[in-house]
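>
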Amino acid sequence: MFAMMARTTRAAAAAAKKKKQKGESSSQISKREEKQEEEAEDEDLDVSVHNTQTFAATASQDTAAITIAESTNAALEVGAEDAATWTKKRRAVAGEEAARVVKKARVKRDEVVIPAARTAGVKMMVGAHVSMSGGVQRAITNSLNIGGNAFALFLKSQRKWASPDMKEADATAFRAACEKHGFDPGKHVLPHGSYLINLANGDAEKAKKAYNCFLDDLKRCERLGIGLYNFHPGSTLGMSHSESLGRVSTALNKAHSETKFCITVLENMAGAGNVIGGKFEDLRDIIAKVKDKDRVGVCLDTCHLFAAGHDIRTKESYDRVMSNFDQIVGRKYLMALHINDSKAPLASKRDLHQNIGLGFLGLEPFRLIMNDERLEGLPLILETPMEEEKTWAEEVKLLESLIGVEGDDPEFLATAEELASRGAGERRTAGIAAQKKAVKAAAKPGKRGRKKSTKKDGSDSDNGEYLC
Ligand SMILES: [Zn+2]
Ligand SMILES: [Zn+2]
């Protein structure tokens, strides 16, 4: 690039000299030189933009500085009288260029159009928790729109105890659409249970209500040919921990006896207050008392892992967490992953999902996941905040783009940095909030977790209207 640029500018200088010899006036010469300088700049910019495309995400001051340095050298080389003026002018151009490069990077992301094409032949089955509003079959259309190869959905309202029965026409349409579009409902569809369900509830009446809602979900799964059903293990509501876990196992055994094939998939949790599932040991102890081990599994949520104190941000820590999981629970139980970044810091116990790369996890753990062969074929479900379908479509493509990418790849590092800078504001706010909370908790140690245990249904009050 430098050689090419030098050749161009040198040629321009030689041409100017030749014209001068032909008797051009000095003002004509300076005008011509100015034009040639501009042309050289344009050429330089083209090359520069091309070469900095991979660093587009971080292109701002760095790019500007490099371009300024390069053009200053070029100016000196062609004998520009006033390198300082040249540099000043170039600084403005370089600033514009940086803005242009960043804009170009954004445009590139915006290029994901709806419906987004599904990536064929991938082993990592990425998708999102999509809406089924208008009937369960709508989930397939919504998944196709974002280019997902797997998807999650609610089977009924996640915040109501009773919902109308699923229409047979909807169930038929769902099964037909799965077949038509090549979604294996036995493996790549992961319904999420109602947030109200707390199988650990010690109150007999409430436990029965929860169980009925749970069983109804499982039966809906089986009508749709769905092989996995993901649910939150629940809350002890301040009662005995081991007895609460035992109640979950008992409910699972009963549900398994009343259904045929659907695997009940326990989700790991952020572990706030009395919530079960922040520790791998909770999942292990529930599974231990499940009679039919083929009907129980685990879904690991990356945000929950991190919030519960499992650091997966580096290759070493990720491997350590996965090997702990293998030793405590057993890799064979891992049926799915929820792919979320975290708005809250490590061990915050806060269940606050963030878009990929913007949160405290950053992009690296997702690169590790996308290159972890042991996760091939499992549904990898985004539950990130979604403003429009495009967000998920872009995140699906972003995750898929990490397959086969090394941790020191410049393009990867630039993307990671760009996403991290986009999320910096929210991380700062969340960090301050977490600090304040910790100080408050330290001042009033008795209050911690009590608020959660008074919640009637035992659900995590952090959840709000977001997916979890
Ligand atoms: Zn969550
Ligand atoms: Zn989740």
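Once you know that position 4 of the sequence shown is 4 in UniProt numbering, the rest is easy, because the numbers rise by one and skip nothing.
Backbone N, C-alpha and C define an ideal beta-carbon position, used for all residues, glycine too.
Are R247 and A207 closer than 8 Å when you measure CB to CB?
For the purposes of this step, residue 247 is taken as residue 247 along the sequence shown, with counting starting at 1. For the purposes of this step, residue 207 is taken as residue 207 along the sequence shown, with counting starting at 1. Contact flag set, yes.
> Only counting the same chain, and skipping five residues up and downstream in sequence, which positions put a Cβ closer than 7 Å to that of M386?
As a working mapping, residue 386 is identified with position 386 in the sequence shown. If we look at M386 and ignore the five residues flanking it on each side, its Cβ neighbours are W392.
> For D301, list the residues DSSP reports as bridge partners.
Mapped onto the sequence shown, residue 301 falls at position 301. Answer by DSSP bridge pairing, in chain order: H338.
> Is DSSP giving Q327 helix, strand or coil here?
Counting from one through the sequence shown, the residue named residue 327 turns up at place 327. Residue state, collapsed to three classes: helix.
> Given a cut-off of 8 Å, decide if E258 and L196 are closer than it, judged by their beta-carbon atoms.
Here residue 196 refers to the residue found at position 196 when the sequence shown is read from its first residue. Here residue 258 refers to the residue found at position 258 when the sequence shown is read from its first residue. Not in contact: L196 and E258 (Cβ atoms no closer than 8 Å).
> Helix, strand or coil: how does DSSP classify E383 here?
Here residue 383 refers to the residue found at position 383 of the sequence shown. It is coil, neither helix nor strand.
> Using three-state DSSP, classify S401 as helix, strand or coil.
Here residue 401 refers to the residue found at position 401 when the sequence shown is read from its first residue. DSSP places S401 in helix when its eight states are reduced to three.
> Using a Cβ-Cβ cutoff of less than 8 Å, which residues in the same chain neighbour R175 once the five nearest sequence positions on both sides are dropped?
Position 175 of the sequence shown, counting from 1, holds the residue named residue 175. If we look at R175 and ignore the five residues flanking it on each side, its Cβ neighbours are P185, L224 and G225.
> Any chance you could list the residues with Cβ under 6 Å from a heavy atom of ligand 1, keeping chain order?
Cβ atoms closer than 6 Å to ligand 1 belong to D301, C303, H304, D351, H353 and C468.
> Could you name the residues of the same chain whose beta carbon sits closer than 8 Å to that of T141, not counting the 5 residues immediately before and after it, in chain order?
Here residue 141 is taken as the residue at index 141 of the sequence shown, counted from 1. Same-chain partners within the cutoff: A177.
> Throw me the rounded Cβ distance for the L252 and V296 pair, which I believe falls under 8 Å.
Here residue 252 corresponds to residue number 252 of the sequence shown, with the count starting at 1. Here residue 296 corresponds to residue number 296 of the sequence shown, with the count starting at 1. Their Cβ separation, rounded to whole angstroms, is 6 Å, which keeps L252 and V296 in contact under 8 Å.
> Could you give the first and the last residue of the continuous alpha helix (DSSP H) run that contains residue 499?
Since the first residue shown for the chain is 1 and the last is 468, residue 499 is missing from the structure and cannot be characterised.
> With respect to the alpha helix (DSSP H) encompassing N145, which residues constitute its N-terminal and C-terminal limits?
For the purposes of this step, residue 145 is taken as residue 145 along the sequence shown, with counting starting at 1. Taken as a continuous stretch (DSSP letters only), the alpha helix (DSSP H) holding N145 covers R138 to N145.
> Can you give me the start and stop residues for the alpha helix (DSSP H) that E267 sits inside?
As a working mapping, residue 267 is identified with position 267 in the sequence shown. Not the alpha helix (DSSP H): E267 falls in the beta strand (DSSP E), residues I263 to E267.
> CA-CA distance, L363 and D301?
The residue given as residue 363 occupies position 363 in the sequence shown. The residue given as residue 301 occupies position 301 in the sequence shown. Their Cα atoms are separated by approximately 15 Å.
> Determine the closest residue to E373 out of V122, G238 and R118, with distance taken between C-alpha atoms.
Looking up residue 373 in the sequence shown gives position 373. For the residues V122, G238 and R118, the minimum Cα distance to E373 belongs to V122.
> Confirm, please, whether the CB-CB distance from K397 to G135 is below 8 Å.
Here residue 135 is taken as the residue at index 135 of the sequence shown, counted from 1. Here residue 397 is taken as the residue at index 397 of the sequence shown, counted from 1. No. Outside cutoff.
> DSSP state of V290, grouped into three classes?
One-based indexing of the sequence shown puts residue 290 at position 290. Here V290 sits in coil by DSSP.
> Using only the heavy atoms of ligand 2, determine whether one of them is closer than 7 Å to the beta carbon of H256.
Stepping through the sequence shown from its first residue, residue 256 is reached at position 256. False, no ligand heavy atom lies under 7 Å from that Cβ.
> Hey, would you say the C-beta of E267 is under 7 Å away from at least one heavy atom of ligand 2?
Indexing the sequence shown from 1 puts residue 267 at position 267. Flag set: Cβ of E267 near ligand 2.
> Using a 10 Å radius around the Cβ and a threshold of 16 neighbouring Cβ atoms, would you call N324 buried or exposed?
Within the sequence shown, numbered from 1, the residue matching residue 324 stands at position 324. Exposed, because fewer than 16 other Cβ atoms sit within 10 Å of the Cβ of N324.
> With burial defined as no fewer than 16 other Cβ atoms inside 10 Å of the residue's Cβ, what is the status of A120: buried or exposed?
Locating residue 120 in the sequence shown gives position 120, counting from the first residue. A120 should be labelled exposed.
> Have a look at A433 and H232 and give me their C-alpha separation to the nearest angstrom.
Your numbering for residue 433 matches position 433 in the sequence shown. Your numbering for residue 232 matches position 232 in the sequence shown. The alpha-carbon atoms of A433 and H232 are separated by roughly 26 Å.
> From this set, D326, E394, R428 and S143, which residue's C-alpha is nearest S133's C-alpha?
On the sequence shown, residue 133 is found 133 positions in, with the first residue counted as 1. Of the candidates D326, E394, R428 and S143, the one whose C-alpha sits nearest the C-alpha of S133 is S143.
> Would you say E383 touches ligand 2, meaning its beta carbon is less than 7 Å from a heavy atom?
Within the sequence shown, residue 383 is the residue found at index 383, counting from 1. E383 Cβ: within cutoff of ligand 2.
> From which residue to which residue does the beta strand (DSSP E) around L196 run?
The sequence position of residue 196 within the sequence shown is 196, counting from 1. Counting along the chain, L196 falls outside any beta strand (DSSP E), and DSSP gives it neither H nor E.
> Could you pull out every unbroken beta strand (DSSP E) segment of at least 3 residues lying fully inside the region 343-398, listed in chain order?
Listed in chain order, the complete beta strand (DSSP E) runs (minimum 3 residues) inside the region 343-398 are 379-382.
> Starting from the Cα of F151, find the closest Cα among S421, M124 and D311 and give me that residue.
As a first step, residue 151 must be located in the sequence shown, where it is residue number 151. Cα-wise, what sits closest to F151 is M124.
> If you draw a straight line from the C-alpha of K315 to the C-alpha of E406, how long is it?
Counting from 1 along the sequence shown, the entry for residue 315 is found at position 315. Counting from 1 along the sequence shown, the entry for residue 406 is found at position 406. In a straight line, the C-alpha of K315 is about 11 Å away from that of E406.
> So for N149, helix, strand or coil by DSSP?
Here the question's residue 149 lines up with position 149 in the sequence shown. In this structure, N149 counts as coil in the three-state DSSP scheme.
> Starting from V126, follow its DSSP beta bridges and name the residues at the other end.
Indexing the sequence shown from 1 puts residue 126 at position 126. Answer by DSSP bridge pairing, in chain order: L380.
> Going by alpha carbons, who is nearest to F306 out of D341, G182, L245 and S157?
Working through the sequence shown from its first residue, we reach residue 306 at position 306. The shortest Cα separation from F306 among D341, G182, L245 and S157 belongs to D341.
> Taking all protein chains shown into account, do 16 or more other C-beta atoms lie within 10 angstroms of the C-beta of H181, making it buried, or fewer, making it exposed?
The count along the sequence shown starts at 1 and reaches residue 181 at position 181. With fewer than 16 other Cβ atoms within 10 Å, it is exposed.
> With burial defined as no fewer than 16 other Cβ atoms inside 10 Å of the residue's Cβ, what is the status of P164: buried or exposed?
For the purposes of this step, residue 164 is taken as residue 164 along the sequence shown, with counting starting at 1. When all chains shown are included, P164 counts as exposed.
> Considering only the beta carbon of each residue, do V112 and E394 sit closer than 8 Å?
Translated into the one-based positions of the sequence shown, residue 112 becomes position 112. Translated into the one-based positions of the sequence shown, residue 394 becomes position 394. Closer than 8 Å, so yes.
> Between which two residues does the beta strand (DSSP E) containing F231 stretch?
Taking the sequence shown and counting its residues from 1, the one referred to as residue 231 is at position 231. Run containing F231: L228 to F231, per the beta strand (DSSP E) assignment.
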